[in-house]
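Peer 1: Position 322 (the sequence shown) corresponds to 342 in my numbering; numbering is contiguous. Sending over a structure as structure tokens; questions will come in a sec.
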Amino acid sequence: MTEEPLRIGNFSGFYGDRSDALREMLTGGDLDVLTGDYLAELTMLILARDRLKDPSAGYARTFLRQLEETLGLAHEKGVRIVTNAGGLNPAGLAQAVRELADRLGIPVRVAHVEGDDLTARHPGALAAHAYLGGFGIAECLRAGADVVVTGRVTDAALVTGPAAAHFGWKPTDHDRLAGAVVAGHVLECGTQATGGNYAFFAEHDPRELLKPGFPLAEIHPDGSGVVTKHPGTGGVVDVGTVTAQLLYETGGARYAGPDVTARLDTVRLTQDGPDRVRIEGVRGEAPPPTLKVGRNRLGGFRNEVVFVLTGLDIEAKAALVREQMADALATSPPAEVRWDLARTDKPDAGTEETASALLRLVVRDPDQQKVGRVLSGAAIELALASYPGFHVVAPPGKGSPYGVFEDVYVPHGDVDHVAVLHDGRRITVEPPQDTAPLDAVPNPALPEPLPPGPTVRAPIGRVVGARSGDKGGNANVGVWARTDEAWRWLAHELTVERFHDLIPEARELPVTRHVLPNLRALNFVVEGILGEGVAAQARFDPQAKALGEWLRSRHADIPEVLL
């Protein structure tokens, strides 16, 4: 087992990320491995629809364009590339990379991982894919692959696979694997670890955040690591930016994956110098006995129209158009009709836009006709017959299909996890022999509350940071404090009851609070707030990206000593 750290960088956090990042990471400093993460729940649906039109499609074509300009440089520097850009067709992308390498005259060994595609077992699904772990990637790298293409693996597997190959880790090395999972989770969303989308961005020089550099991690043999970035690149890496990303799209203290369950309540973060954050102390446990399968299916068709209500009598104008539309749609009512009034208007406004509110009507139905011309005709026919100042943001169209994401679980043994090596050999990756049910962690003791004292009514974001995201129909909101004193206040102030008070949209929904004292953080999981997932577009912010910022903007009585 080598004692030298493994330097793993990231060049993509989603399908559509900055195209020059691959070259930037290759030229910015020394690396051993570069990872590209292209897949999300919505991306799988997009790729599934691509595959319906063209059976040879189903992978992220942008990766090939990036690689055409950089494959020679990666080969020259000896940097291996591991990516899930294979999406629904990893074998197809691997072959496309080989053809590209042949055309460029670069001797590159390309391998891929397959077995995640379970669509055939799920009638009615456009795509159903198991989240595989990193040991298929490890087999490809151990056999000498320069480029490894996967389909649906966990995002962190792009890091655990190379680390397991480099250090010779076994499936039972739970603590080491858990450390790599945490590092992988920090890297997976690219510049979100280096100051992108960061709650306290306003405290930094704006020039630092104009173009944040992509992150990298120095992984050590014991699984600990340091998150940093190339010298001279933009952004910032500190305990806050890493904490924010650690809380992104997570749940409780046990962060389960196919290789290991990482205990987020054991993570210790320390500043290790400028733009360097050390991650250590991570404990791991055996993975759960089942694998998550993400299933995408067509939910039906949706359409929307946004009415602009300007000036006086906003509520009366909204009531009038709602009643008019109800009458117009009565003959062929859609299965679902949803109205939302956003009071963006201000009294005595200086511009027409700031004097206006938005009334959004969304309809859904399995029948496209019921959400298409029926809706558009009803809305546009009101143009001269409704409230004063009638206009819409844009005319409604014919209705578009929307997807539904569901997650189901299958035993590890139901999935054929296979590493297809560069020479064509196929190696089966055996399921873990050691598994453990995913039980909840008992609530840890809370810190002592702050002593009573004067308070100021202010936004809670003056004291705490937050980051939020989606997992199917659920959302998570991670909230953290930057000092021990602020943590003592946060831990007692932001209960589930207070969360319900501050986020009225969640009042009728189950909310679970998880306490992570090492991170001075609370993580709230809000069940069902996103309906049937991002593709269904059930709410204004369908991925809950800004739910945490809404929470930070709400006011509370904050102790003066914290401000």
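All C-beta atoms in this analysis are idealised placements derived from N, C-alpha and C, irrespective of residue type, glycine included.
Relative to the C-alpha of L65, which candidate in G568, Y422, P462 has its C-alpha closest?
Peer 2: Within the sequence shown, numbered from 1, the residue matching residue 65 stands at position 45. With distances taken between Cα atoms, L65 lies closest to Y422.
Peer 1: Can you name the residues that DSSP bridges to G56?
Peer 2: As a first step, residue 56 must be located in the sequence shown, where it is residue number 36. Bridge partners of G56: S32, T103.
Peer 1: From this set, A237, D443, P451, A439, which residue's C-alpha is nearest P431's C-alpha?
Peer 2: On the sequence shown, position 411 is the one that residue 431 refers to. If we check each option's Cα against that of P431, P451 comes out closest.
Peer 1: In this structure, how does DSSP classify Q86 when only helix, strand and coil are distinguished?
Peer 2: Within the sequence shown, the letter at position 66 stands for residue 86. Reduced to three states, the DSSP call for Q86 is helix.
Peer 1: Buried or exposed: E134, going by 16 or more other Cβ atoms within 10 Å of its Cβ?
Peer 2: The residue labelled residue 134 in the question sits at position 114 within the sequence shown. Buried is the call here.
Peer 1: Does the stretch 523-537 touch the stretch 290-305, meaning 3 or more C-beta pairs lie closer than 8 Å?
Peer 2: Short answer: they don't touch.
Peer 1: With C-beta atoms as the reference, is G125 less than 8 Å away from A158?
Peer 2: Working through the sequence shown from its first residue, we reach residue 125 at position 105. Working through the sequence shown from its first residue, we reach residue 158 at position 138. No. Outside cutoff.
Peer 1: Quick one, are the C-beta atoms of S420 and F321 less than 8 Å apart?
Peer 2: Residue 420 sits at position 400 when you count from the first residue of the sequence shown. Residue 321 sits at position 301 when you count from the first residue of the sequence shown. Going by C-beta atoms, S420 is nearer than 8 Å to F321.
Peer 1: Measure the beta-carbon distance from V499 to Y407 and round it to whole angstroms, keeping in mind my assumption that it falls under 8 Å.
Peer 2: Counting from one through the sequence shown, the residue named residue 499 turns up at place 479. Counting from one through the sequence shown, the residue named residue 407 turns up at place 387. So it is not a contact: roughly 41 Å between Cβ atoms.
Peer 1: Is H12 helix, strand or coil when you go by DSSP?
Peer 2: Residue 12 falls outside the range modelled here, since the chain spans only 21 to 583, and no answer is possible.
Peer 1: Ordered along the chain, which non-local residues of its own chain (more than five positions away) have a Cβ less than 6 Å from that of G492?
Peer 2: Sequence index remark: in the sequence shown, residue 492 carries index 472 (1-based). Contacts found: F425, D427, G553.
Peer 1: Closer than 6 Å by C-beta to G199: which residues in its own chain qualify, once you throw out the five before and the five after it? Chain order, please.
Peer 2: For the purposes of this step, residue 199 is identified with residue 179 of the sequence shown, where counting begins at 1. Hits under 6 Å: G243, S244, V302.
Peer 1: Under 8 Å between the Cβ atoms of L59 and N104?
Peer 2: Sequence index remark: in the sequence shown, residue 59 carries index 39 (1-based). Sequence index remark: in the sequence shown, residue 104 carries index 84 (1-based). Closer than 8 Å, so yes.
Peer 1: Am I right that P308 and T174 are in contact with their C-beta atoms under 8 Å? What's the rounded C-beta distance?
Peer 2: Translated into positions along the sequence shown, residue 308 becomes position 288. Translated into positions along the sequence shown, residue 174 becomes position 154. Not really, about 13 Å apart at Cβ, beyond 8 Å.
Peer 1: Could you tell me if H411 is buried or exposed, where buried requires 16 or more neighbouring beta carbons within 10 angstroms of its beta carbon?
Peer 2: Here residue 411 is taken as the residue at index 391 of the sequence shown, counted from 1. Its Cβ having fewer than 16 others within 10 Å, H411 is exposed.
Peer 1: Starting from the N-terminal side, write out each stretch of the beta strand (DSSP E) that is 3 residues or longer and does not extend beyond the stretch 345-428.
Peer 2: Taking only runs of at least 3 residues, the beta strand (DSSP E) segments lying wholly in the stretch 345-428 are 356-362, 376-385.
Peer 1: Please report the distance separating the alpha-carbon of L518 from that of D74.
Peer 2: The residue labelled residue 518 in the question sits at position 498 within the sequence shown. The residue labelled residue 74 in the question sits at position 54 within the sequence shown. It should be noted that the sequence gives Arg, not Leu, for residue 518. Those two C-alpha atoms are separated by around 50 Å.
Peer 1: Quick one: is G233 buried, meaning 16 or more other Cβ sit within 10 Å of its Cβ, or exposed?
Peer 2: Taking the sequence shown and counting its residues from 1, the one referred to as residue 233 is at position 213. That one is buried.
Peer 1: V280 by DSSP, collapsed to three states: which one?
Peer 2: The sequence position of residue 280 within the sequence shown is 260, counting from 1. Coil at V280, not helix or strand.
Peer 1: How do the stretch 81-101 and the stretch 114-124 stand: do at least 3 beta-carbon pairs fall below 8 Å, yes or no?
Peer 2: The stretch 81-101, when compared against the stretch 114-124, does touch it at the 8 Å Cβ threshold.
Peer 1: On the criterion of 16 or more Cβ atoms from any shown chain inside 10 Å, does R141 qualify as buried, or is it exposed?
Peer 2: Walking along the sequence shown from the start, residue 141 turns up at place 121. R141 is exposed by the Cβ-count criterion.
Peer 1: Tell me the residue span of the alpha helix (DSSP H) that contains L567.
Peer 2: Here the question's residue 567 lines up with position 547 in the sequence shown. Start and end: 567-573.
Peer 1: Starting from G272, trace the beta strand (DSSP E) both ways and give me its first and last residue.
Peer 2: Looking up residue 272 in the sequence shown gives position 252. Looking at the DSSP string, G272 is not in any beta strand (DSSP E), and its letter there is neither H nor E.
Peer 1: If we ignore side chains and look at the alpha-carbon of each, how far apart do D273 and V461 end up?
Peer 2: Looking up residue 273 in the sequence shown gives position 253. Looking up residue 461 in the sequence shown gives position 441. A small correction: the amino acid at residue 273 is Ala; Asp does not occupy that position in the sequence shown. C-alpha separation (whole angstroms): 7 Å.
Peer 1: Closest by CA to F560, which one among R380, E547, I480?
Peer 2: Residue numbering aside, residue 560 sits at position 540 when the sequence shown is read from its first letter. Residue R380 is the option with its Cα nearest to F560.
Peer 1: From A355, R43, G49, pick the residue whose C-alpha is nearest to that of G56; which is it?
Peer 2: Indexing the sequence shown from 1 puts residue 56 at position 36. The residue with the shortest Cα to Cα distance from G56 is R43.
Peer 1: State the Cα-Cα distance for the pair E305 and P457, rounded to the nearest angstrom.
Peer 2: Within the sequence shown, numbered from 1, the residue matching residue 305 stands at position 285. Within the sequence shown, numbered from 1, the residue matching residue 457 stands at position 437. Taking the straight line joining both Cα atoms gives about 10 Å.
Peer 1: Does the beta-carbon of A336 have 16 or more other beta-carbons within 10 angstroms, so that it is buried, or is it exposed?
Peer 2: On the sequence shown, residue 336 is found 316 positions in, with the first residue counted as 1. Per the 10 Å Cβ criterion, exposed.
Peer 1: Flag this pair as yes or no: are the beta carbons of L539 and L266 separated by less than 8 Å?
Peer 2: Mapped onto the sequence shown, residue 539 falls at position 519. Mapped onto the sequence shown, residue 266 falls at position 246. Yes. Within cutoff.
Peer 1: Given this structure, state the Cα-to-Cα distance separating V168 from G409, to the nearest angstrom.
Peer 2: Residue numbering aside, residue 168 sits at position 148 when the sequence shown is read from its first letter. Residue numbering aside, residue 409 sits at position 389 when the sequence shown is read from its first letter. Distance between the alpha carbons of V168 and G409: 58 Å.
Peer 1: For G153, which of P415, A176, A399 has the nearest alpha-carbon?
Peer 2: Here residue 153 refers to the residue found at position 133 when the sequence shown is read from its first residue. Selected option, being the one with the closest Cα: A176.
Peer 1: Would you report the Cα separation of V449 and A184, rounded to the nearest angstrom?
Peer 2: Start at 1 with the first residue of the sequence shown, and residue 449 comes out as number 429. Start at 1 with the first residue of the sequence shown, and residue 184 comes out as number 164. One C-alpha to the other measures close to 13 Å.
Peer 1: DSSP three-state call for V531: helix, strand or coil?
Peer 2: Mapped onto the sequence shown, residue 531 falls at position 511. V531 falls in the strand class under three-state DSSP.
Peer 1: Measure from the alpha carbon of P537 to the alpha carbon of each residue in L197, L466, R572, then state which is nearest.
Peer 2: Looking up residue 537 in the sequence shown gives position 517. The shortest C-alpha separation from P537 is found at L466.
Peer 1: Determine the closest residue to P386 out of A405, D166, P469, V357, with distance taken between C-alpha atoms.
Peer 2: Taking the sequence shown and counting its residues from 1, the one referred to as residue 386 is at position 366. Answer by Cα proximity: V357.
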